[in-house]
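Everything on this sheet refers to the single structure shown next.
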Amino acid sequence: MKAFQKVKPFLYLAPALIPIALFIYYPLVKSLQISFLSWNMVSPNRKFVGMDNYSYLLQNREFWNSVWNTGVYTVLLLLLLLVSPFFVAYAVTRISGRVQAFYKSAIFVPTVLSLAVSSIVFLWLFNPISGSVNHLIALVGIPPVNWLSDPTWALISMVIITSWKTFGYHFILLLSGILSVPQDIVEAAKIDGVSSSMGLIRRIYVPLSSGTLLFVFVMTVVFGIQWSFVPIQMLTNGGPDQATSHLVFTVYQYAFQFFKSGLASAAAVLTFLVFSGLIVFQALVMERRVHYEN
């Protein structure tokens with residue numbers, strides 16, 4: 061009976077632990093094992109190559125290009141999915157009545173669409189000949205842009221598509237963070253001379269909603285690259301000239317286009333280490349600056 065009492069808590073946890081073990085930790089362990097092999101996922105023969113896959117990746121220009129693109133994606137996504145929605149959310153709180161409800165709904169609507177549908181929509185909008193975007197910029201004298209064919213604009217286009225689809229969700233999260241700031245503190249700040257919007261944002265709203273900001277930051281860094289996978293796979297396939305490829309898409313290419321599962325697993329392990337480092341940085345450095353209401 062005593063033995064059962066010791067096991068009993070784990071039985072309650074089993075419905076959650078078993079799926080996590082099967083679908084998260086087991087694949088991680090298998091990926092680590094496969095990263096030391098040369099294998100095409102079909103042949104019964106698996107050749108052990110040790111650290112050769114890691115050595116190849118670290119000396120490969122295309123892999124480092126993916127690393128660079130991942131950094132660019134992350135910075136741009138943080139601007140469009142953390143900074144921009146925070147200011148938009150603050151602006152919406154300055155509006156009252158039905159107009160505010162309209163803006164909330166209109167901003168959130170794209171979130172209900174899938175990334176595949178969003179990609180098709182922007183495929184039409186970014187058409188260099190008949191696309192609406194080029195027609196609009198032509199009105200102000202800007203020459204047409206090959207959004208999906210130019211190496212510079214292709215990457216930016218992927219970020220725009222991803223941000224447009226996910227902007228509304230981040231907007232709602234940040235709006236809730238701003239609305240949770242006690243108004244008596246805001247009024248006290250105004251009495252103390254902090255009257256401008258930028259002053260209130262910098263001294264009141266950002267510190268007091270830092271918990272929500274941190275959550276959105278982590279979500280954007282960890283999931284942002286995964287969100288951009290669909291438009292890349294549908295519209296550019298990593299091109300032109302690997303301009304839109306990033307670490308997650310590189311793993312997909314090695315595994316399911318080139319059938320080099322050892323390289324794919326090694327790239328996945330390196331990607332895991334990179335993002336683990338970011339999470340550790342967030343926990344040790346950024347968490348200390350977060351204000352949690354008592």
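Numbering (our numbering), first residue to last: 61 to 354.
We treat Cβ as the ideally placed atom computed from N, Cα and C, and that holds for glycine.
As the structure is a computational prediction, the values presented were derived from the model and not from experiment.
Beta-carbon gap between F227 and A149 smaller than 8 Å: The count along the sequence shown starts at 1 and reaches residue 227 at position 167. The count along the sequence shown starts at 1 and reaches residue 149 at position 89. In this structure, A149 does not lie closer than 8 Å to F227 by Cβ.
Residue burial classification, Y312 (beta-carbon count within 10 angstroms, cutoff 16): Against the sequence shown, residue 312 aligns to sequence position 252. Classified as buried, Y312 has 16 or more neighbouring CB atoms from the shown chains inside 10 Å of its CB.
DSSP beta-bridge partners of F108: The residue given as residue 108 occupies position 48 in the sequence shown. Note: F108 sits in a beta bridge opposite L97.
N50, DSSP secondary structure in three states: Not covered by the structure: residue 50. The range shown for the chain is 61 to 354.
Element boundaries [alpha helix (DSSP H), containing N194]: For the purposes of this step, residue 194 is taken as residue 134 along the sequence shown, with counting starting at 1. Its alpha helix (DSSP H) spans residues S192 to A198.
Top-ranked residue by Cα proximity to N206, from V169, G299 and A76: As a first step, residue 206 must be located in the sequence shown, where it is residue number 146. Closest in C-alpha terms to N206, from the list V169, G299 and A76, comes G299.
Spatial distance of F182 from L71 (CA atoms): Numbered from 1 along the sequence shown, position 122 holds the residue referred to as residue 182. Numbered from 1 along the sequence shown, position 11 holds the residue referred to as residue 71. Cα to Cα, the separation comes out at about 49 Å.
Buried versus exposed call for F309 [16 or more other C-beta atoms within 10 Å across all chains shown]: Residue mapping note: residue 309 aligns to position 249 of the sequence shown, counting from 1. So F309 counts as buried.
Beta-carbon proximity check, T331 vs L307, cutoff 8 Å: Translated into the one-based positions of the sequence shown, residue 331 becomes position 271. Translated into the one-based positions of the sequence shown, residue 307 becomes position 247. Result yes, Cβ atoms of T331 and L307 sit closer than 8 Å.
Three-way DSSP call (helix, strand, coil) for S256 in this model: On the sequence shown, residue 256 is found 196 positions in, with the first residue counted as 1. Correct three-state label for S256: coil.
Option in F341, L208, Q119 and I251 with minimal Cα separation from L274: Taking the first residue of the sequence shown as 1, we reach residue 274 at position 214. Checking every option, the nearest Cα to that of L274 belongs to F341.
H306 in three-state terms, based on DSSP: To locate residue 306, count along the sequence shown from 1; it is residue 246. Coil, per DSSP.
F227, DSSP secondary structure in three states: On the sequence shown, position 167 is the one that residue 227 refers to. In the displayed model, F227 falls within a helix according to three-state DSSP.
At least 3 beta-carbon pairs within less than 8 Å: the region 278-298 vs the region 134-148: yes
Cα-Cα separation, S255 to L233: For this step, residue 255 is matched to residue 195 along the sequence shown. For this step, residue 233 is matched to residue 173 along the sequence shown. Rounded to whole angstroms, S255 to L233 spans 25 Å at the Cα level.
S144 (DSSP reduced to helix, strand or coil): Here residue 144 refers to the residue found at position 84 of the sequence shown. For S144, the secondary structure class from DSSP, reduced to helix, strand or coil, is helix.
Of the residues L215, I197, W224 and V152, the one placed nearest L295, counting alpha carbons only: The residue you call residue 295 lines up with position 235 of the sequence shown. Checked all of L215, I197, W224 and V152; the closest Cα to L295 is L215.
Under 8 Å between C-beta atoms of A151 and V290: As a working mapping, residue 151 is identified with position 91 in the sequence shown. As a working mapping, residue 290 is identified with position 230 in the sequence shown. No, they are not a contact pair.
Burial state of N129, where buried means 16 or more other Cβ atoms lie within 10 Å: Your numbering for residue 129 matches position 69 in the sequence shown. With 16 or more other Cβ atoms within 10 Å, it is buried.
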